[in-house]
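Asker:
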Amino acid sequence: MVKLTIVTIILIIVLLLIAYRSITIALIPLFGVLTMLAVARGIVSFLVQNGFIGISSFASNMLVSLVLGASTDYAIFYLGRYQEARQKGKDKESSYYESVANVPHVILGSGLAIAGPTLCLTLTHLDYFRTLGPPCAVSMIVAVLGALTLGPALLTIGSKIGWIQPRKPRAHPIWRSVGTIIARWPVPMIAVAALIIPLCILGLTTYKVSYNDRDFAPASVESSTGYAAADKHYPKSWLNNDIVYVKSDHDMRNT
């Protein structure tokens, strides 16, 4: 999970640098993102340790991905609205209020749209998915609350010290051309998209639902070859780990 977190953070930094071309603009959202991740993991850990919810390794990894991704999006919402107002000639204070007035309801709707469905996973019969629901729902609620409170605060600080001022806009001839084509010929563009989308989902006709990860690995890889050789000589569960659970009334580490 540590590697996943580090790789995700590096990707977030790279994307923010590409989008905003400023280290300071990238650092302010990153601080908020890491803060919300720490709070979300702390709250989920407290709930798990006290028996309120269950968790799995898959859920803990998904929690990190959700919080990092959602929190970064929410920070971009604030920054995008603020910089858009600044580019229109508004002062810092007016730009701040325009961002804070128009972004929170979008964040709230977006966060609840994720937290609600993930919480519904508690209704599933498979424990693999059931333990995924509460941690992810709680972490998304934390991300939303953090964005609604910490987000405007960081926006204020960044605005006052001048760290989030927009750079000079760059010309994007490719996207301008794409937008012009779509605006001039909307119906043909819709028709083309309507033809391409069904082609992209043809693979679903041969898809078979399975919880066996080995079904999705190529037979030529070394792990598949090893499993096939083991299946010929040993029972199916021979390579699975044995888990022993011992309950004691005293600390067995010094027994």
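My numbering applies: residue 1014 is where the sequence shown begins, and numbers increase by one. The beta carbon of each residue, even a glycine, is placed where N, CA and C say it ideally should be.
1. For Ser1250 and Val1077, I'd like the C-alpha separation in whole angstroms.
2. When burial is assigned at 16 or more other CB atoms within 10 Å of the CB, is Gly1122 buried or exposed?
3. Give me, in chain order, the residues of the same chain whose beta-carbon lies closer than 6 Å to that of Thr1085; leave out the 5 immediate sequence neighbours on both sides.
4. Got a sec, what are the start and stop residues for the alpha helix (DSSP H) Leu1215 sits in?
5. Give me the Cβ distance between Ser1108 and Tyr1095, rounded to the nearest whole Å; I'm assuming they're in contact under 8 Å.
6. Determine, using beta carbons only, whether Ile1154 and Ala1128 come nearer to each other than 7 Å.
7. Within a Cβ cutoff of 7 Å, which residues of the same chain sit near Asn1115, ignoring the five residues on either side of it in sequence?
8. How would you label Arg1054, buried or exposed, when you count the other beta carbons within 10 angstroms and need 16 or more for buried?
9. CB-CB under 7 Å to Ala1243, same chain, minus the five flanking residues each way: which ones, in chain order?
10. Taking a contact to mean a Cβ-Cβ separation below 7 Å, would you say Arg1099 touches Pro1042 in this structure?
11. Report the CB separation of Thr1162 from Gly1146 in whole angstroms; it is logged as a contact under 8 Å.
Answerer: Answer, in terms of the structure:
1. Translated into the one-based positions of the sequence shown, residue 1250 becomes position 237. Translated into the one-based positions of the sequence shown, residue 1077 becomes position 64. One C-alpha to the other measures close to 31 Å.
2. By 1-based counting over the sequence shown, the position of residue 1122 is 109. Counting Cβ neighbours within 10 Å, Gly1122 comes out exposed, since fewer than 16 surround it.
3. What you label residue 1085 is simply residue 72 of the sequence shown in a count that begins at 1. Contacts found: Ile1025, Val1046.
4. As a first step, residue 1215 must be located in the sequence shown, where it is residue number 202. No alpha helix (DSSP H) holds Leu1215; DSSP gives it neither H nor E.
5. As a position in the sequence shown, residue 1108 is number 95, starting the count at 1. As a position in the sequence shown, residue 1095 is number 82, starting the count at 1. Going by Cβ atoms, the distance from Ser1108 to Tyr1095 rounds to 5 Å, so yes, they are a contact pair.
6. Along the sequence shown, read from residue 1 onward, the residue named residue 1154 stands at position 141. Along the sequence shown, read from residue 1 onward, the residue named residue 1128 stands at position 115. It is a contact, given that the beta carbons lie within the stated cut-off.
7. Position 102 of the sequence shown, counted from the first residue, corresponds to residue 1115. For Asn1115, where only same-chain residues beyond five positions count, the Cβ hits under 7 Å are Arg1094.
8. In the sequence shown, counting from the first residue as 1, residue 1054 sits at position 41. That one is buried.
9. Here residue 1243 corresponds to residue number 230 of the sequence shown, with the count starting at 1. Around Ala1243: Trp1251, Leu1252.
10. Within the sequence shown, residue 1099 is the residue found at index 86, counting from 1. Within the sequence shown, residue 1042 is the residue found at index 29, counting from 1. No.
11. The sequence position of residue 1162 within the sequence shown is 149, counting from 1. The sequence position of residue 1146 within the sequence shown is 133, counting from 1. Incorrect: roughly 25 Å between the Cβ atoms, too far for contact.
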